[in-house]
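Residue numbers (our numbering): 350 to 709.
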């Protein structure tokens with residue numbers, strides 16, 4: 350009977366979760382929901398017959414949720430139906446590669462959803478026979494299940510808090526570097542959002558774009574190691590002073606090096622490479638083109654645009670059109686042409702971010 354089938358809905362859009370729960374109820378299914386990947390990986394251990402899973406979510410995306418489910422013996426056989434606004438061929442292929450059973454594009458139509466779910470549930474019934482006794486003993490296990498649910502909710506909360514604490518620590522480290530340079534938190538917010546727009550514009554997967562969004566504020570963390578008389582000098586730096594200033598890239602990478610965190614590893618690469626140039630004339634290593642990590646190439650464009658359009662002790666803010674002209678002139682010399690093209694293809698969103706996060 351359909352009433353015996355339990356469905357887990359995983360989506361960060363609360364309205365879509367409510368819509369799906371109502372749709373599933375009308376089809377005779379029981380359902381629960383999870384608002385992100387952390388909660389999904391905790392709740393799925395409670396035993397569900399099918400998971401309806403979004404791809405684009407904060408923290409960990411749907412692809413990573415499926416991958417971890419397939420590595421866990423308790424959830425390895427649970428069917429997963431991907432439901433997402435992403436509808437490209439590459440997304441479908443990747444969904445199957447990580448272990449999803451089917452793919453359905455939003456908006457979801459009730460009849461098609463019912464047919465897809467029925468097929469997956471029937472396919473799974475043979476494997477679920479061994480597990481089905483747990484639900485026949487539901488009354489006896491109710492107290493234990495409630496305790497387990499609280500424990501798993503606490504685990505999801507702890508993982509989410511740990512992730513948020515890491516992000517806050519990274520943000521505060523970036524703020525410390527910017528305050529030393531007389532910058533503000535608005536610069537960090539603009540920079541990270543510019544980088545996110547560009548990353549999505551060049552076609553990076555949502556999870557990689559999220560990493561660049563979170564890691565890009567650390568690009569100038571090495572300024573913490575630059576003497577104030579050099580960092581805050583209002584006039585032009587002498588040759589020996591400029592040599593010291595350029596060391597902030599190396600200092601930043603050393604501050605962030607040696608971590609097992611994906612975000613800090615990305616921050617290390619960005620800190621070291623965001624002043625490299627496409628033609629190989631940048632610093633500190635003089636590497637060129639694809640030798641430069643993609644995060645450094647993206648951050649270079651976002652950083653230069655924000656520097657040009659922001660007031661500094663030694664200059665006034667440039668108008669956007671003048672800054673755009675400078676960026677275009679640097680295409681293929683200073684900047685990766687693909688990254689510059691993505692910037693201008695999404696320039697309306699860039700300017701919206703600029704207006705939203707004005708100097709404080």
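Just so it is clear, CB atoms sit at the ideal spot from N, CA and C, and this is done for glycine as well.
- Taking all protein chains in view, the Cβ of residue 622 is crowded by 16 or more other Cβ atoms within 10 Å, so the residue is classified as buried.
- In this model, residue 563 and residue 478 are separated by some 44 Å (Cα to Cα).
- With a contact defined as Cβ atoms closer than 8 Å, residue 651 and residue 615 miss out at about 14 Å.
- DSSP places residue 684 in the strand class (E or B) of the three-state scheme.
- For residue 431, the uninterrupted beta strand (DSSP E) run begins and ends at 429-433, by DSSP.
- Residue 363 sits in a helix when the DSSP states are folded into three classes.
- The DSSP-derived three-state label of residue 451 is strand.
- The shortest C-alpha to C-alpha distance from residue 360 to any of 388, 669, 353 is the one to 388.
- When the five nearest sequence neighbours on each side are left out, the beta carbons in the same chain lying within less than 7 Å of the beta carbon of residue 465 are those of 430, 451, 453, in order along the chain.
- With a beta-carbon spacing of about 12 Å, residue 362 and residue 370 fall beyond the 8 Å limit used to define contacts.
- When secondary structure is reduced to three states using DSSP, residue 403 falls in the coil class, being assigned neither helix nor strand.
- The C-alpha of residue 595 is placed about 14 Å away from the C-alpha of residue 585.
- Residue 547 places its beta carbon less than 7 Å from that of residue 688.
- If you check the CB distance, residue 540 and residue 655 come in under 7 Å.
- For residue 660, no pairing in a beta bridge is given by DSSP.
- For residue 701, the closest alpha carbon among the candidates 392, 538, 617, 411 is that of 538.
- Shortest Cα-Cα distance from residue 611 to any of 671, 693, 549, 409 involves 409.
- Approximately 5 Å separates the beta-carbon atoms of residue 625 and residue 641; this is inside 8 Å, confirming the contact.
- For residue 402 against residue 396, the beta-carbon gap comes to about 16 Å, at or over 8 Å, which does not count as contact.
- By the Cβ neighbour-count rule, residue 456 is exposed, with fewer than 16 other Cβ atoms within 10 Å of its own.
- The Cβ atoms of residue 376 and residue 356 lie no closer than 7 Å to each other.
- Taking the Cα of residue 628 as reference, the smallest distance to any Cα among 681, 413, 474 is reached at 681.
- Spanning the alpha carbons of residue 674 and residue 405 requires a straight line of approximately 34 Å.
- Residue burial is scored here from C-beta neighbours: residue 691 has at least 16 other C-beta atoms within 10 angstroms and is therefore classed as buried.
- Rounded to whole angstroms, the separation of the alpha carbons of residue 658 and residue 593 is 25 Å.
- Out of 542, 569, 384, 440, the CA that lies nearest to the CA of residue 704 is found in 542.
- In this structure residue 502 is in contact with residue 391, their Cβ atoms being roughly 7 Å apart against a cut-off of 8 Å.
- CA-CA distance, residue 424 to residue 648, rounds to 39 Å.
- Minimum Cα-Cα distance from residue 578 among the listed residues 591, 619, 437 corresponds to 591.
- Residue 357 is bridged by DSSP to 381, 400.
- For residue 601, the uninterrupted alpha helix (DSSP H) run begins and ends at 597-605, by DSSP.
- Residue burial is scored here from C-beta neighbours: residue 428 has at least 16 other C-beta atoms within 10 angstroms and is therefore classed as buried.
- Under the DSSP assignment, residue 704 falls in the alpha helix (DSSP H) whose first and last residues are 696-705.
- In the structure shown, residue 665 falls within a coil segment according to DSSP collapsed to helix, strand and coil.
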